[in-house]
Amino acid sequence: MTRLLVNKLIVVYTHLMSRITPLRKPEWIRVKVPSGETWQHVTAILERRSLHTVCDEARCPNKGECWGAGTATFMILGDTCTRKCRFCAVATAKTGQPVLPEEAEQLALAVQELGLKYAVLTSVDRDDLADRGAHHFACCIRAIKDLNPAVRVEVLIPDFVEGEIEAVLEARPDVVAHNIETVRSLQQVRDRRASYEKSLHTLYLAKQGGISVTKSSMLLGLGEQVDEVLSAMDDLRSVGVDVLVLGQYLQPGPKQLPVVAYIHPDQFREYARIGREKGFSTVVASPFARTSYHAQEAWHDGTGGKHTAHEGIAGEGER
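Using the numbering used here, the first residue of the sequence shown is number -14, and each one after it goes up by one.
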């Protein structure tokens, strides 16, 4: 029986069993509820400028910490995705909302108002657009940099290909991220239009296009094996990825896939150590780690020639 078939059976079995007895969360999985004046200040600015964040739409477990520190990951191109990955809580439809040209200016003003030094942009997938939103990404990057010249901009992009990604690269973001999401044998948890090879190719194009720091993330606990994670590390290094993020998959709602396993913080530390040995400039590995979590620190390490393993910087016990 092939590894791919075995993993598919594990996912199906876990999904069925979760309806009877959901996997109990271990003691190290604790999420702090957002609170405080800074969090309320960020919320007010986003609402006033009609901006979305992935923190809200994807129900990120780090919202309390990041918003409390006055940072947020902006989600452009609307809040409706044209793809339907089985682990994601973002709303889906065949077509997204109309692209708003004024969004770029509102983003730039929000970055200025929040006093950010590092801004992260991501988006829903927009397969309904001719360029899948690449030019809008470029407009947003330029608007932020024009109004805030000292601000670093990181973008977490869809699986753009030739003819799409060039517009983004020409806007000169400081970091380009794209997620393979999980190991090769579990790619069926993603939308059918996504694939492991497509994602690796997007990361390859970003590096070949002159981006000095590229990044990718995986969610663990979906049924992957340790050797598969290590193999994925090798694949990412083969296309020049600098920063690796590993986090625990947490089921965002009853419609999404259940958790197959909760990975112990010690295993995350071991992955961080191995990743550093494999040549990643930065490895952010802990239960609550997500692509944009501690993004500024990861960028700093990635451009400073250091090899850093951020072991357990998020999620070990209550925060």
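Glycine included, C-beta positions come from ideal geometry on N, C-alpha and C.
All of these numbers come straight from a predicted model, not from anything done at the bench.
When the Cα atoms are used, what is the spatial distance from ILE142 to CYS73?
Translated into the one-based positions of the sequence shown, residue 142 becomes position 157. Translated into the one-based positions of the sequence shown, residue 73 becomes position 88. Cα to Cα, ILE142 sits roughly 16 angstroms from CYS73.
Kindly provide the ranges of any beta strand (DSSP E) runs that are 3 or more residues long and lie completely inside the region 110 to 188, ordered along the chain.
The qualifying runs are 137 to 141, 160 to 162.
With a 10 Å radius around its C-beta and 16 neighbouring C-beta atoms as the bar for buried, classify HIS249 as buried or exposed.
The count along the sequence shown starts at 1 and reaches residue 249 at position 264. HIS249 should be labelled exposed.
Per DSSP, what kind of secondary structure is LEU229 in: helix, strand or coil?
Residue 229 sits at position 244 when you count from the first residue of the sequence shown. If DSSP states are grouped into helix, strand and coil, LEU229 belongs with the strands.
Report the residue from VAL75, HIS163, VAL140 whose alpha carbon sits nearest the alpha carbon of GLU155.
The residue you call residue 155 lines up with position 170 of the sequence shown. GLU155 has its Cα closest to that of VAL140, out of VAL75, HIS163, VAL140.
Taking 6 angstroms as the limit between beta carbons, can you name the residues of its chain near ASP116, skipping five residues before and five after?
The residue labelled residue 116 in the question sits at position 131 within the sequence shown. Hits under 6 angstroms: GLU149.
Beta carbon of VAL160, beta carbon of VAL138: below 9 angstroms?
Counting from one through the sequence shown, the residue named residue 160 turns up at place 175. Counting from one through the sequence shown, the residue named residue 138 turns up at place 153. The answer is yes: Cβ separation under 9 angstroms.
Here's the rule I'm using: 16 or more other beta-carbon atoms within 10 Å means buried, otherwise exposed. How should PRO83 be labelled?
Position 98 of the sequence shown holds residue 83. Label assigned to PRO83: exposed.
Once you ignore the five residues that flank GLY264 on each side, which residues in its own chain have a CB closer than 6 angstroms to its CB?
Position 279 of the sequence shown holds residue 264. Around GLY264: ARG222.
If you compare alpha carbons, which of ARG175, HIS37, GLU255, ALA76 is closest to GLN91?
Position 106 of the sequence shown, counted from the first residue, corresponds to residue 91. The shortest C-alpha separation from GLN91 is found at HIS37.
Locate the alpha helix (DSSP H) running through ILE259, then write down its first and last residues.
Here residue 259 is taken as the residue at index 274 of the sequence shown, counted from 1. Run containing ILE259: 250 to 262, per the alpha helix (DSSP H) assignment.
At the level of alpha carbons, what is the spacing between VAL228 and CYS66?
The sequence position of residue 228 within the sequence shown is 243, counting from 1. The sequence position of residue 66 within the sequence shown is 81, counting from 1. Distance between the alpha carbons of VAL228 and CYS66: 26 angstroms.
Which first and last residues belong to the alpha helix (DSSP H) in which LEU221 is found?
Taking the first residue of the sequence shown as position 1, residue 221 is located at position 236. Taken as a continuous stretch (DSSP letters only), the alpha helix (DSSP H) holding LEU221 covers 211 to 223.
According to DSSP, is LYS192 helix, strand or coil?
What you label residue 192 is simply residue 207 of the sequence shown in a count that begins at 1. Helix.
Nearest-angstrom Cα distance between VAL269 and GLU12?
Counting from one through the sequence shown, the residue named residue 269 turns up at place 284. Counting from one through the sequence shown, the residue named residue 12 turns up at place 27. So the alpha carbons of these two residues sit roughly 21 angstroms apart.
Candidates LYS240, ASP219, ASP251: which alpha carbon is nearest GLN233's?
What you label residue 233 is simply residue 248 of the sequence shown in a count that begins at 1. Checking every option, the nearest Cα to that of GLN233 belongs to ASP251.
According to the Cβ coordinates, are MET203 and VAL230 closer than 9 angstroms?
Taking the sequence shown and counting its residues from 1, one reaches residue 203 at position 218. Taking the sequence shown and counting its residues from 1, one reaches residue 230 at position 245. Yes. Within cutoff.
Quick check on the DSSP output: the alpha helix (DSSP H) that includes ALA95 runs from which residue to which?
Locating residue 95 in the sequence shown gives position 110, where the first residue counts as 1. Run containing ALA95: 88 to 99, per the alpha helix (DSSP H) assignment.
Can you tell me whether DSSP reads ALA78 as helix, strand or coil?
In the sequence shown, the residue the question calls residue 78 occupies position 93. Residue state, collapsed to three classes: coil.
By DSSP's criteria, LEU205 is part of a beta bridge. Which residues make up the other side?
Sequence index remark: in the sequence shown, residue 205 carries index 220 (1-based). Bridge partners of LEU205: GLN233.
What would DSSP say about VAL84, mapped onto helix, strand or coil?
Indexing the sequence shown from 1 puts residue 84 at position 99. Reduced to three states, the DSSP call for VAL84 is coil.
Excluding sequence positions up to five away, which residues of its chain have a Cβ less than 7 angstroms from the Cβ of GLU166?
Here residue 166 is taken as the residue at index 181 of the sequence shown, counted from 1. ARG175, MET203, LEU204, listed in sequence order.
So is ALA135 buried or exposed if we call it buried at 16+ other beta carbons inside 10 Å?
Position 150 of the sequence shown, counted from the first residue, corresponds to residue 135. Exposed, because fewer than 16 other Cβ atoms sit within 10 Å of the Cβ of ALA135.
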